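Sequence order for the protein chains is L and Y. Under this note's numbering, the residue at position 142 of the first sequence is numbered 268, and the numbers go up by one with no gaps. Under this note's numbering, the residue at position 289 of the second sequence is numbered 292, and the numbers go up by one with no gaps.
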Amino acid sequence: MAIQILRDLRGLRVHVVHPPDSERTSLVEHLRRIGCMVETQWPVPDCWSEGADVVLLAIEHDVRGEIQRLLKSDGGHRPTLIAVVSYEDPSTLQLVLEAGAVAVIERPIRPFGLLTNLTIARSLWLERREADKKMRKLERKLAGIQRIQKAKSILMDGQGLNEADAYESIRRQAMAKRLSMDDMAAAIIHANELLQYRPKDD
Amino acid sequence: MAGSDKAAMALIEDNSGNWRVGVLFSQTGVTSGIERTQLNATLLAIEEINASGGVLGRPIEPVMYDPASDPKKFRAFAERLFQVDRIRLLFACYMSSTRKAVLPVVEAHRGLLFYPTLYEGFEYSRHCIYTGAAPNQNSMQLAKFLLSAYGNRFLFVGSNYIYPYESNRVMGDFVSQDKGKVLDELYIPLYPQDKDFERVIARIKKTSPDVIFSTVVGSGTSTLYRAYRAAGFDPTRMPIASLTTSEAEVAEMGAEAAEGHITAAPFFETLSSPTARRFVAAFKEKYGADAPVTAGAEASYFQLHLAMRAVAKCGSDDPEQVLANLRDSEFDAPQGRVRIDPENNHTYLWPRIARLDRNGRFQTVWNPGVRVKPDPYCVVQRLDDWSVDDLQLLHP
Chain L
127 MAIQILRDLR GLRVHVVHPP DSERTSLVEH LRRIGCMVET QWPVPDCWSE
177 GADVVLLAIE HDVRGEIQRL LKSDGGHRPT LIAVVSYEDP STLQLVLEAG
227 AVAVIERPIR PFGLLTNLTI ARSLWLERRE ADKKMRKLER KLAGIQRIQK
277 AKSILMDGQG LNEADAYESI RRQAMAKRLS MDDMAAAIIH ANELLQYRPK
327 DD
Chain Y
4 MAGSDKAAMA LIEDNSGNWR VGVLFSQTGV TSGIERTQLN ATLLAIEEIN
54 ASGGVLGRPI EPVMYDPASD PKKFRAFAER LFQVDRIRLL FACYMSSTRK
104 AVLPVVEAHR GLLFYPTLYE GFEYSRHCIY TGAAPNQNSM QLAKFLLSAY
154 GNRFLFVGSN YIYPYESNRV MGDFVSQDKG KVLDELYIPL YPQDKDFERV
204 IARIKKTSPD VIFSTVVGSG TSTLYRAYRA AGFDPTRMPI ASLTTSEAEV
254 AEMGAEAAEG HITAAPFFET LSSPTARRFV AAFKEKYGAD APVTAGAEAS
304 YFQLHLAMRA VAKCGSDDPE QVLANLRDSE FDAPQGRVRI DPENNHTYLW
354 PRIARLDRNG RFQTVWNPGV RVKPDPYCVV QRLDDWSVDD LQLLHP
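Listed below in structure tokens is the structure:
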């Protein structure tokens, strides 16, 4: 993975959200020197740009409100975020953490460290994305297992089957109706709810 | 010594001329009111030393510019002072943004910055001596006083930059430790307009706090206090409490607007110790009876004396040698005996709290008589910290 991240740095689309000054100019120069495709933006935009792999965000206290608005505008897909900070006090660090920055660049900005921070940030962001994907997959799987379990106990209670036969029944019915086992289990649960319903229960 | 060697030596070290030092305080711009007092105090200290023979027989020569409250200008003049004017010791700065602009220049030239202003902490540089209050040397003391004397419903008003955000974080934490409430947190631009103050006054009317904690700095301070007065609020029940409002801002707003409000600082013009009186008298003799003598001025004054005493001891203004001589340095400053803490380059200071009387003069209402060690990296302070109680005297 490591070497791929380094290879991918060339052509990486980096958005630099930073006040227009000489520091931004030399920052952009060096990012291009590394091989990134750089765009600049200021003031702080309302939402994340679609075309950015990495965003370098200047954490400036006088635009705190705009930064917080940007952070709330989560479009579901957030690019890799690197914070640029002028101070290390807790109120600044709170903003940095809330922003979800995976790397930090301190002022005065100098060339050394940009490549390292880009690499580490990208790596952490990819790791997190993989972990999120895996977690969602496991959650889905867990929910599925719970549904099958519930459907089995409905059949075991309702038809006096043992566990193995209940499972087999679900499997056979699913195949016959060309449904997945999970869908079949959901149908059994749903049907059971409908059949259990008594008007006087309301 | 051969001719070329001699010339080379002359270039490297001028042993016979003046001690040239850099001085950068704004004489114009939004924070010039307070910075002018810091400039004046620096020049007063220099004059005092020169009047008694200078340092090792050579006079101190201040080299100064007006950065006009602009961080970019601070940076540019700092570069000029080090590169062109060849100074090595720099006495400068009020706002944190200007210190942040200047410090990299000082570090790049291996100089030494003396910074005489209260700030938000969480900084250290080998190349800086911090002689103003860190948050543990003013915020907690003020919080304890306000919570016990007025109540625990606070409204925060500050200028829109780093110092107020961090100060509000600290003060907000104290308020919740006391199970109080921060009713609102308002920020106005560093260069405010009337409508910004209208909004603040409206919020004060709506929320009715026990205390208004103000971290407004610069010329906006007097506008705020005047707006408060015009709205007819009562400072005995709902004071404006500040870490930054000084004699300079009071001079701008007038006694009527100032009366009843509270400030926490290590020094006030009205302190009664002999050293304090001597300093204030000398300041007013040079700059006029109405010249405000602020905590920032007092820090500027004692830091210059401390620095040049170190130069005298080591015979050089080489920052490395000066630094070595400053370690654990103690000095009888107007506020009391101060000491440089070698662990963090900050200063042991004497926190006090004062209320403005009807003549616009600060009268001390709380003077614990305790010298507090600086703790610039303290994230959370506990209200029940012993060092704030009225007991301990300075131990030798």
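Built from N, CA and C at the ideal position, the CB exists for glycine as well. The model shown is predicted, which means the values in this text are computed figures rather than measured ones.
On a Cα-Cα basis, can you pick out the residue from the options that is closest to residue i?
i: P62 of chain Y; options: Y:I52, Y:D69 and Y:Q366; result: Y:I52
i: V283 of chain Y; options: Y:Q338, Y:G36 and Y:P322; result: Y:Q338
i: E319 of chain L; options: L:G284, L:D308 and L:A300; result: L:G284
i: E186 of chain L; options: L:M310, L:R159, L:Q220 and L:R262; result: L:Q220
i: G135 of chain Y; options: Y:M143, Y:E123 and Y:R129; result: Y:E123
i: D88 of chain Y; options: Y:R330, Y:G57, Y:H112 and Y:A71; result: Y:H112
i: K276 of chain L; options: L:D308, L:M301 and L:R255; result: L:D308
i: T218 of chain Y; options: Y:Q196, Y:T248 and Y:R240; result: Y:T248
i: S70 of chain Y; options: Y:G57, Y:I49 and Y:V33; result: The question names Ser, yet the displayed sequence has Pro at residue 70 of chain Y. The residue with the shortest Cα to Cα distance from P70 of chain Y is Y:V33.
i: Y133 of chain Y; options: Y:L59, Y:P65 and Y:L116; result: Y:L116
i: Q86 of chain Y; options: Y:L352, Y:G183 and Y:G25; result: Y:G25
i: P212 of chain Y; options: Y:T239, Y:S222 and Y:R312; result: Y:T239
i: D73 of chain Y; options: Y:G175, Y:L193 and Y:D176; result: Y:L193
i: I37 of chain Y; options: Y:R202, Y:A254 and Y:H349; result: Y:A254
i: R136 of chain L; options: L:R297, L:I160 and L:A128; result: L:I160
i: G191 of chain L; options: Y:T224, Y:E188, Y:M311 and Y:M256; result: Y:E188
i: L321 of chain L; options: L:W251, L:I131 and L:I280; result: L:I280
i: N243 of chain L; options: L:A290, L:A300 and L:I231; result: L:I231
Quick one: what's got a C-beta closer than 8 Å to residue i's C-beta in the same chain, skipping five residues either side?
i: R39 of chain Y; result: F28, S29, Q30 and A251
i: R273 of chain L; result: D308, A311, A312 and I315
i: V383 of chain Y; result: D176
i: S99 of chain Y; result: Y122, E123, Y164, I165 and Y166
Excluding the 5 residues flanking residue i on each side, which residues of the same chain have their C-beta closer than 6 Å to its C-beta?
i: I435 of chain Y; result: Because residue 435 of chain Y is not part of the residues shown, which for chain Y are 4 to 399, the question remains open.
i: R233 of chain L; result: S212
i: D181 of chain Y; result: L150 and N155
i: P145 of chain L; result: W168
i: A317 of chain L; result: none
i: H400 of chain Y; result: As displayed, chain Y neither begins before 4 nor continues past 399, which places residue 400 of chain Y out of reach and without an answer.
Along the chain, where does the beta strand (DSSP E) that runs through residue i open and close?
i: T350 of chain Y; result: H349 to Y351
i: A178 of chain L; result: Where A178 of chain L is concerned, there is no enclosing beta strand (DSSP E), given that its DSSP letter is neither H nor E.
i: E188 of chain Y; result: K184 to I191
i: E64 of chain Y; result: I63 to Y68
i: D344 of chain Y; result: G339 to D344
i: E1 of chain Y; result: Lying outside 4 to 399, the shown extent of chain Y, residue 1 of chain Y is not represented and no answer is given.
i: T210 of chain Y; result: From DSSP, T210 of chain Y is part of no beta strand (DSSP E) but of the alpha helix (DSSP H) over D197 to T210.
i: I296 of chain L; result: Note, I296 of chain L: premise wrong, no beta strand (DSSP E); alpha helix (DSSP H) at E289 to A302.
i: A229 of chain L; result: A229 to E232
i: T218 of chain Y; result: V214 to T218
i: R23 of chain Y; result: W22 to L27
i: Q384 of chain Y; result: Element bounds for Q384 of chain Y: n/a, residue is neither H nor E.
i: R133 of chain L; result: Run containing R133 of chain L: none in the beta strand (DSSP E); it sits in the alpha helix (DSSP H), A128 to D134.
What are the start and end residues of the alpha helix (DSSP H) that includes residue i?
i: C317 of chain Y; result: A298 to C317
i: Y228 of chain Y; result: G223 to A233
i: A75 of chain L; result: Any property of residue 75 of chain L remains undetermined from this structure, which presents chain L solely from 127 to 328.
i: D158 of chain L; result: A small correction: the amino acid at residue 158 of chain L is Arg; Asp does not occupy that position in the sequence shown. Segment S148 to I160, the alpha helix (DSSP H) holding R158 of chain L.
i: R280 of chain Y; result: P277 to Y290
i: E250 of chain Y; result: E250 to M256
i: M143 of chain Y; result: S142 to A152
Would you mind stating whether residue i and residue j have Cβ atoms separated by less than 8 Å?
i: I215 of chain Y; j: I207 of chain Y; result: yes
i: S170 of chain Y; j: L227 of chain Y; result: no
i: Y164 of chain Y; j: D188 of chain L; result: yes
i: D215 of chain L; j: F334 of chain Y; result: no
i: I356 of chain Y; j: L145 of chain Y; result: yes
i: L196 of chain L; j: V222 of chain L; result: no
i: L207 of chain L; j: A184 of chain L; result: no
i: Y277 of chain Y; j: W353 of chain Y; result: In the sequence as presented, Tyr is not what sits at residue 277 of chain Y; that position holds Pro. It is not a contact, given that the beta carbons lie outside the stated cut-off.
i: M174 of chain Y; j: F159 of chain Y; result: yes
i: S275 of chain Y; j: L309 of chain Y; result: no
i: G114 of chain Y; j: P322 of chain Y; result: yes
i: L307 of chain Y; j: F94 of chain Y; result: yes
i: K278 of chain L; j: E289 of chain L; result: yes
Looking only at its own chain, which residues have a Cβ that is under 7 Å from the Cβ of residue i, when we skip the five neighbours before and after it?
i: R361 of chain Y; result: A258 and E262
i: N347 of chain Y; result: Y127, P377 and P379
i: P205 of chain L; result: W174, A178, D179, V180 and V181
i: V314 of chain Y; result: W22, V58, D320 and V325
i: V164 of chain L; result: V140, V142, V154, L157 and R158
i: S295 of chain L; result: L281 and L287
Chain-ordered residues of the region 180-191 of chain L with a beta carbon less than 8 Å from chain A: Structure shown: chain A not included; protein chains present are L and Y.
Ordered list of beta strand (DSSP E) runs contained in the region 74-131 of chain Y, each at least 3 residues: 92-95 and 115-118
Beta strand (DSSP E) runs wholly inside the region 184-242 of chain L, at least 3 long, in chain order: 206-211 and 229-232
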